[in-house]
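Comments concern the structure below.
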């Protein structure tokens, strides 16, 4: 019987051929398991330089795998952040928006456009001028003579909407998307 990892010899203590790289890695894994369970006495380890080199190789591959895992985690985190950024909407001047208010135990929705944008304490405030909603005979939004304005935060804005101007009446607007009619 020879010392562990000395070439083509069969190692009777571990029960494997120590010639190939896979076997060397398996050998070091078995040694680690034996060390952890203390079935193999620590003072009787017979390791030569090739086994120590394979241990170093195993540790370096484990470190490389850990670094790859960390890089994958960082990439996933960056991708997740960009996905979240893609879900958020930026609002600009003159964008038509759907705003919501909670009145008398129900949500009320209004259409308006953004007149000004200000930032206070790292939070954006939007000055929105709202249209008058006329539901019958068909849903139209009309700009009134008296200004209906409010300063709201991004939380109160539900989404951007697309309005088209009524070709027959210049101060009336129609919803372009039929799905937006659910709010009214």
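Residue numbers (UniProt numbering): 1 to 184.
C-beta atoms are modelled at their ideal positions from N, C-alpha and C, and glycine is treated no differently.
For clarity, every value in this text was computed on a predicted model and none was experimentally measured.
Whether residue i touches residue j by CB criterion (8 Å)
| i | j | result |
| --- | --- | --- |
| residue 110 | residue 89 | no |
| residue 128 | residue 114 | yes |
| residue 159 | residue 95 | no |
| residue 157 | residue 99 | yes |
Spatial neighbours of residue i in its chain, beta-carbon cut-off 7 Å, leaving aside the 5 residues before and after
| i | result |
| --- | --- |
| residue 165 | 173 |
Limits of the beta strand (DSSP E) - the one that residue i falls within
| i | result |
| --- | --- |
| residue 94 | Looking at the DSSP string, residue 94 is not in any beta strand (DSSP E), and its letter there is neither H nor E. |
| residue 127 | 123–130 |
| residue 111 | 106–120 |
| residue 182 | Unbroken run through residue 182: none, as it is neither H nor E. |
| residue 159 | 157–160 |
| residue 186 | In this structure the chain extends from 1 to 184, so residue 186 is not present and cannot be described. |
| residue 150 | 149–153 |
| residue 164 | 163–165 |
Supposed close pair residue i, residue j - CB separation, criterion 8 Å
| i | j | result |
| --- | --- | --- |
| residue 153 | residue 178 | The Cβ separation is near 28 Å, so there is no contact. |
Same chain only: Cβ atoms within 8 Å of residue i, ignoring 5 sequence neighbours per side
| i | result |
| --- | --- |
| residue 144 | 131, 132 |
| residue 181 | 139, 175 |
| residue 184 | 109, 133, 135, 139 |
| residue 97 | 91, 111, 112, 113, 114, 126, 128, 157, 158, 159, 160, 161 |
| residue 93 | 114, 115, 116, 117 |
Close beta carbons around residue i, own chain, < 6 Å, minus the five adjacent residues each side
| i | result |
| --- | --- |
| residue 151 | 125, 127 |
Residue of the options minimising C-alpha distance to residue i
| i | options | result |
| --- | --- | --- |
| residue 147 | 91, 105, 112 | 112 |
| residue 162 | 141, 169, 149 | 141 |
| residue 119 | 107, 91, 103, 106 | 91 |
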